[in-house]
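> Pasting a structure below so you can have a look.
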Amino acid sequence: MQNTRFFKNNKALTAILTLIFTLSSYAVFSHSGGSHSKEEVNVYSGRKGKLIEPMLKDFESKTGIHVNLITAKSDALIKRIESEGRSSPSDLFITVDVGRLDRAKKMGLLQKIDSFSILKKLSPFYIDKDRQWVGISKRIRTVVISKKMKDRNDLQNFEDLANSQWKGRICVRSSNNIYNQSLVASLIANHGEQKAESIIKNIVKNFARKPSGNDRAQISAISKGECDIAIVNHYYHLLMLNSKEAEKKKAAKETEVLFLNQNNRGAHVNISGVAIPKYAKNYENAKQLISFMLDKDAQEWYAKTNNEYPVVKDAKVSQILSSWGNVKLDEAVLNKLGDLNPNAVKLMDRVNWQ
Amino acid sequence: MIPFIYLGSSIFFPFNENWNHIIDNVLLDYFINSLSLAIGVGFLSFVMGTVTAWLTSVYDFPFRKLISWLLLMPLAMPAYIIAITYVGIIDNYNFLPDIRNLFGGIIMISLVVYPYVYILARGAFLEQSKELYENAQILGSSQLNIFLKISIPMARPAIILGVTLASMEALADFGTVTFLGIPTFTTGIFRTWFGMNDTVTATQMATLFLSIVFIFVFLEQNSRKKIKYSENIKTQSILNYKKTSNKNSFIIILVCILPLLFGFIIPFLQLAYWSIFISNEIIDINFFQTVKSTLFLAFISAIVISLISVFVTYVKRLKPKSITNKFMEIITLGYAIPGPVIAIAVMIPLSSFDNYINQLLLKYFNISIGLFLSGTLFILIFAYCIRFLTVSSRTIKAGLDSVSIVTDEAAKSLGANNISMFFKIHFHMLKTPLLISFLVVFIDVMKELPLTSILRPFNFNTLSIKAFELASDERIADASSSAIMIVVAGIIPVIIITKNILGKRNKV
Chain A
63 MQNTRFFKNN KALTAILTLI FTLSSYAVFS HSGGSHSKEE VNVYSGRKGK
113 LIEPMLKDFE SKTGIHVNLI TAKSDALIKR IESEGRSSPS DLFITVDVGR
163 LDRAKKMGLL QKIDSFSILK KLSPFYIDKD RQWVGISKRI RTVVISKKMK
213 DRNDLQNFED LANSQWKGRI CVRSSNNIYN QSLVASLIAN HGEQKAESII
263 KNIVKNFARK PSGNDRAQIS AISKGECDIA IVNHYYHLLM LNSKEAEKKK
313 AAKETEVLFL NQNNRGAHVN ISGVAIPKYA KNYENAKQLI SFMLDKDAQE
363 WYAKTNNEYP VVKDAKVSQI LSSWGNVKLD EAVLNKLGDL NPNAVKLMDR
413 VNWQ
Chain B
6 MIPFIYLGSS IFFPFNENWN HIIDNVLLDY FINSLSLAIG VGFLSFVMGT
56 VTAWLTSVYD FPFRKLISWL LLMPLAMPAY IIAITYVGII DNYNFLPDIR
106 NLFGGIIMIS LVVYPYVYIL ARGAFLEQSK ELYENAQILG SSQLNIFLKI
156 SIPMARPAII LGVTLASMEA LADFGTVTFL GIPTFTTGIF RTWFGMNDTV
206 TATQMATLFL SIVFIFVFLE QNSRKKIKYS ENIKTQSILN YKKTSNKNSF
256 IIILVCILPL LFGFIIPFLQ LAYWSIFISN EIIDINFFQT VKSTLFLAFI
306 SAIVISLISV FVTYVKRLKP KSITNKFMEI ITLGYAIPGP VIAIAVMIPL
356 SSFDNYINQL LLKYFNISIG LFLSGTLFIL IFAYCIRFLT VSSRTIKAGL
406 DSVSIVTDEA AKSLGANNIS MFFKIHFHML KTPLLISFLV VFIDVMKELP
456 LTSILRPFNF NTLSIKAFEL ASDERIADAS SSAIMIVVAG IIPVIIITKN
506 ILGKRNKV
C-alpha cells in the first residue's frame, strides 16, 4: 500500500515538474535578443526608458526598423558589451555621461561612426576626435541659489565656492554620483590636479551638511533654510518648478539657477551621447537611428522631455531655457573628462567628500 | 560554483596602487559603517521580529489574524523605495528628524527585513510544546521570563537564521545606503569599479568582504555545534491562545502595529497619494505587460530555486561530510554579495561559454545561435539562484533538521532507499518551509534590482526596474504606481502562506 501511494505521488509530481520545466524553459530561452531575420536595431541604453521610448517608437513607425531595448546603468552595459564580445547583439549604446563614452572607446568596444550626414550636423566639440561617439543633448551642472541671498554678486565662478564666505552654506549630493565626478574632473582638466584639490578641499569645508540625497533634495534644503547654495544639474530645478507637489514647487520658486564662469571658460557641461559597438550586426540601421536622433524634431523632443539643451544648432530650446538667455559652456574639456574620472574619485576621497 | 571561483581567482591578480589609496583613505570607514549596519539591522530586526512573533503566537487579541499576516507586508517593500519615500515626507516637514545618516539607514532597512525574523521565529514559537510552557508557569515564571529564557533560546536556530538573513541583506544593500549617504563596503566596491574603472580591485574588495562574512557565519555555526537541541516534542496539545484583558489587548495591538505602521502603512499611503494625485504615469497596456513579466519571472525563479534547495540540502543531509558540501556552504553566502558583483561573476563565464559554442558552430556548420545562455532569461534565473539560494536553502534546512537522523536510520533499516525515504517522510515535513521559501524568493525576485537590470534580455521590463528608473531619476511620484504594484502582487503569496501557517494552529 505504502509503496503504491508513494509511486502515485511520485508520478504526479514528476508530471507536474516536467510540465513546468518544458513550459518555462521554452519561455526562458525564447527571450533571446537579436535575431537576424528582420530589419532591427538593438539598443543598450544608460538613459532611462521613459526618456527615449517615445522617440524610438517614432523611429520604428517611420522606418519600419524594429527597435529592441535594454536599459541599465552605463557602467554595467559597458561590462556587458565587453563580456559578450563578438556575439554581442548591441548595435547602439546610449549614455548620459561623456566619461562613459570615452571609457567604452578606450576599452576598444566601439567603432567609427562613418557618416557625413551625421557629423555635419554637430559642432566639433560634440564629436569624439576619432569619431567613435557623438553627443545628443547637453546638461549643465551649476548652482541653484536662494533668491534671498544678499551676497550673490560675490559668486561668479565655481572657484569662488572655495571662499570661507560660503562656510556652512553649500549643499551637494554624494561623490558617488557621476555628475559630481565629471564636475571635479573638469576642474582637474582646467587647473591641474594640485590646484583642483585645494579648491575642492575648501569647498568641502564649506558644506552645510554631510552629502546625501539627490539633486532635488539639495534644492529643497535651501527652501528649508539649511543652505543657500545647491550644486545641481540645471533641469532638476525645472522639474521641481513643474511639480504637482506644493512643497517642491515652493522650493523651486524660492530659488533660481545661476550659471557660473560666464566671463571665462563657461559653465560645466556634460552630454548624453551615442556610440556604435564594435561588433554591431546592424551597423547601417544604427547609423540611421543616430541620424534620426539628430533630426530637428527629434532633437527638440529629446531635449525638451528632460529640459535639456539640444546639440543641433537649428533645433529650438524649450521656452523656459530660452528665457534664461545664452549660456557660455565649457565645451573644450569634454573630451578629457573620461580619462580624469578616476583621478577625480580619488581626489574626492582624499578631501573627504563622502 | 563557477562565479565564486571567478571571484576568488581575483586575488591572484597583482594588487595595484588603488589599494594603497583605498587603505589610506576610505577602507576603515567602509568597514565600520558596514559592520554597524549589519549589527544594527540584525539587532533591530531581532527585537521587532521576535516580539511581534511572540505576541501573535501566544496571545489572543482582536484582529490577531489580520495583524499577523499584515506584519509580513513590509517584506514586499524595496528598501530604497521606503528610504526615498521617507525622505520625501521628511523634506516636506521641518520638525521631523533627518534620516540621512547611518542611524536612519539602520531603521529603514530593518523596517523591511524584520519579517524574515518574524516569519521564522513565529514558525518556531508555534511548534513549542504546551507542557514546557505550562510547567514554567507553574514554577512561577512571568510571561517575560518565559519569553526570554525559554521561548527565545528554544527557537534560537530559527531566530539566528532570520537575523543572519536580515544582516546579509543590509550588507549587500546599495540603493538605500547610497541615497542616504552612508559609505559602506558595497558602495566602495562600486566606487572602485565605476568611478576608478578598476574591476580587478573591485572584485578583490568583494572577495575580501565575502571572506569576512564567511568567517562570521562560520563562527556562529561552530558556536552552535556545542549546543545539542533535543527534538521538539510533537505534542497534540499545542498552546492555546492566551486570553487578554482589554487594556492588555490594546497594548499588544499598539506594539504590533508600530513596525507595521512605519514599515508598511505610512509609506504605502504616501506612495498611494503620489500615485493618485501627483504621478504623470499613465497605467496602460504596457504597465500590465510589465506586471505579467514580473510575476512570471518571480514565479519560475521561486520554483526553480526552492527545488534546487531541497535537492542540495537533502544531499547534504545524506552525505554530511563530503567536500561538495563545504563548497555549498560558500555558495549559500550569495545573499551577502552585492547584486552587480554577482552580475559580473555570472556574465563573464556564461558569455565566454556562449562565444565558444558559437565559434565552434560557425566553424563546422556555419550557423550562429547568438547568446543562448547569457542573452536569455536563463542567465537571470541562474544569477537569482546564486543570490537567493541562501534564503531558500537555509529555510529548508531548518525544516529538514526537525526530522531527526534517527528517523532516517529507522527508515533505512526498514528497507527504504534515499528517494522513497524523501517522498515518504521528509517531503511532508517540508511543506511549510517550502512555502516559506517560495514566498520569500518570489517577493525578493519581484523587488530585486541590480541583477535584473544588468542581465535581462531585450524588451523585458519588471516593476522594480520601472520603479527604480523613475525613482533614481528623482521622479519618485511617477515611480509610485510600480512600487505599489510590487507590494500588491506580494500580498497574494503572503496570504496563501499565512493561511497555511495559521491553519496549523486553527485546526487544533
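Sequences listed follow chains A and B, in order. Residues in the first sequence are numbered from 63 upward in steps of one, following the working numbering. Residues in the second sequence are numbered from 6 upward in steps of one, following the working numbering. Every residue, glycine too, gets a C-beta built ideally from N, C-alpha and C. The model shown is predicted, which means the values in this text are computed figures rather than measured ones.
1) Do you know offhand how far A/Lys-141's Cα is from B/Asn-38's?
2) Threshold first: 4 residues or longer. Then list the alpha helix (DSSP H) segments lying entirely within the segment 441 to 507 of chain B, N to C.
3) If we ignore side chains and look at the alpha-carbon of each, how far apart do B/Trp-24 and B/Leu-176 end up?
4) Kindly list the residues whose CB is nearer than 8 angstroms to the CB of A/Ala-377, restricted to its own chain and excluding five residues on each side of it in sequence; keep chain order.
5) Determine the closest residue to A/Asn-347 out of A/Arg-231, A/Lys-124, A/Glu-146 and A/Phe-269, with distance taken between C-alpha atoms.
6) Let's test the definition: count the other Cβ atoms within 10 Å of the Cβ of A/Gln-350 and tell me whether it reaches 16, buried, or not, exposed.
7) For A/Ser-274, count neighbouring Cβ atoms within 10 angstroms of its own Cβ and tell me buried if that reaches 16, exposed if not.
8) At a CB-CB cut-off below 8 angstroms, which residues of chain D make contact with B/Phe-282?
9) Kindly confirm or deny that the segment 384 to 392 of chain B and the segment 294 to 307 of chain B touch, where touching means at least three C-beta pairs closer than 8 angstroms.
10) Whole angstroms is fine: what's the gap from B/Ile-374's alpha carbon to A/Asp-120's?
11) Could you list which residues in chain A have their beta carbon closer than 7 angstroms to that of B/Pro-345, in chain order?
12) At a Cβ threshold of 8 angstroms, is A/Ala-444 touching chain B?
13) Whole angstroms are fine: how far does the CA of A/Glu-146 sit from the CA of A/Gln-173?
14) Does the Cβ of B/Ile-384 have 16 or more other Cβ atoms within 10 Å, making it buried, or fewer, making it exposed?
15) Nearest by alpha-carbon distance to B/Leu-71: which of B/Leu-166, B/Ile-258, B/Val-63 and B/Thr-169 is it?
16) Whole alpha helix (DSSP H) runs in the segment 152 to 203 of chain A with 4 or more residues, listed along the chain?
17) Name the two residues that bound the continuous alpha helix (DSSP H) containing A/Ser-334.
18) Counting C-beta neighbours from all protein chains within 10 Å, is the total for B/Tyr-98 16 or more, i.e. buried, or is it exposed?
19) Just to confirm, are B/Tyr-119 and B/Pro-264 a CB contact at a threshold of 8 angstroms?
20) Starting from B/Thr-57 and walking both ways along the alpha helix (DSSP H), at which residues does that stretch end?
21) Pick out whichever of A/Ser-152, A/Thr-80, A/Leu-163 and A/Glu-102 has its Cα sitting closest to the Cα of A/Ser-334.
22) CB-CB under 6 angstroms to A/Phe-269, same chain, minus the five flanking residues each way: which ones, in chain order?
23) Contact between the segment 83 to 97 of chain B and the segment 409 to 427 of chain B: three or more CB pairs below 8 angstroms?
24) In this structure, how does DSSP classify B/Ser-235 when only helix, strand and coil are distinguished?
25) Let me make sure I understand the geometry here. Which of B/Leu-60, B/Tyr-369 and B/Ser-486 has the alpha-carbon closest to that of B/Ser-156?
26) Taking buried to mean at least 16 other C-beta atoms within 10 Å of its own C-beta, is A/Ala-77 buried or exposed?
27) Based on Cα-Cα distance, which residue from B/Ala-494, B/Gly-404 and B/Met-490 lies nearest to B/Ala-126?
28) I'd like to know if B/Ser-458 contacts chain A, where contact means its C-beta is closer than 8 angstroms to some C-beta of that chain.
29) Among A/Asp-392, A/Thr-317 and A/Asp-290, which has the Cα closest to the Cα of A/Thr-230?
30) Would you list, in chain order, the members of the segment 398 to 411 of chain A that have their beta-carbon closer than 7 angstroms to a beta-carbon of chain B?
31) If the cut is a Cβ gap below 8 angstroms, which residues of chain A does B/Glu-474 touch?
32) What in chain B is Cβ-close to A/Gly-335, meaning under 8 angstroms?
33) Report yes if the C-beta distance between A/Ala-224 and A/Leu-402 is below 8 angstroms; otherwise report no.
34) Given a cut-off of 8 angstroms, decide if B/Phe-377 and B/Asp-359 are closer than it, judged by their beta-carbon atoms.
On the basis of the coordinates in this document:
1) 28 angstroms
2) 455 to 460 and 468 to 477
3) 21 angstroms
4) Lys-358, Gln-361, Glu-362 and Ala-365
5) A/Lys-124
6) buried
7) buried
8) The structure shown contains no chain D; its protein chains are A and B.
9) yes
10) 30 angstroms
11) Ala-138
12) The requested residue 444 of chain A does not occur in the structure, where chain A is confined to residues 63 to 416.
13) 16 angstroms
14) buried
15) B/Ile-258
16) 160 to 168 and 178 to 181
17) A/Ser-334 -> not in any alpha helix (DSSP H); beta strand (DSSP E) instead, spanning 331 to 339.
18) exposed
19) yes
20) 32 to 63
21) A/Leu-163
22) Ile-232
23) no
24) Because the pLDDT at B/Ser-235 is just 49, under 50, the model does not fix this residue reliably, and the point stays unresolved.
25) B/Leu-60
26) exposed
27) B/Gly-404
28) yes
29) One point to set straight first is that residue 230 of chain A is Gly, not Thr, in the sequence displayed. Residue A/Asp-290 is the option with its Cα nearest to A/Gly-230.
30) Asn-403, Pro-404, Val-407, Lys-408 and Asp-411
31) Lys-110, Gly-111, Lys-112 and Thr-133
32) Result: empty, since nearest Cβ-Cβ is about 18 angstroms, beyond 8 angstroms.
33) no
34) yes
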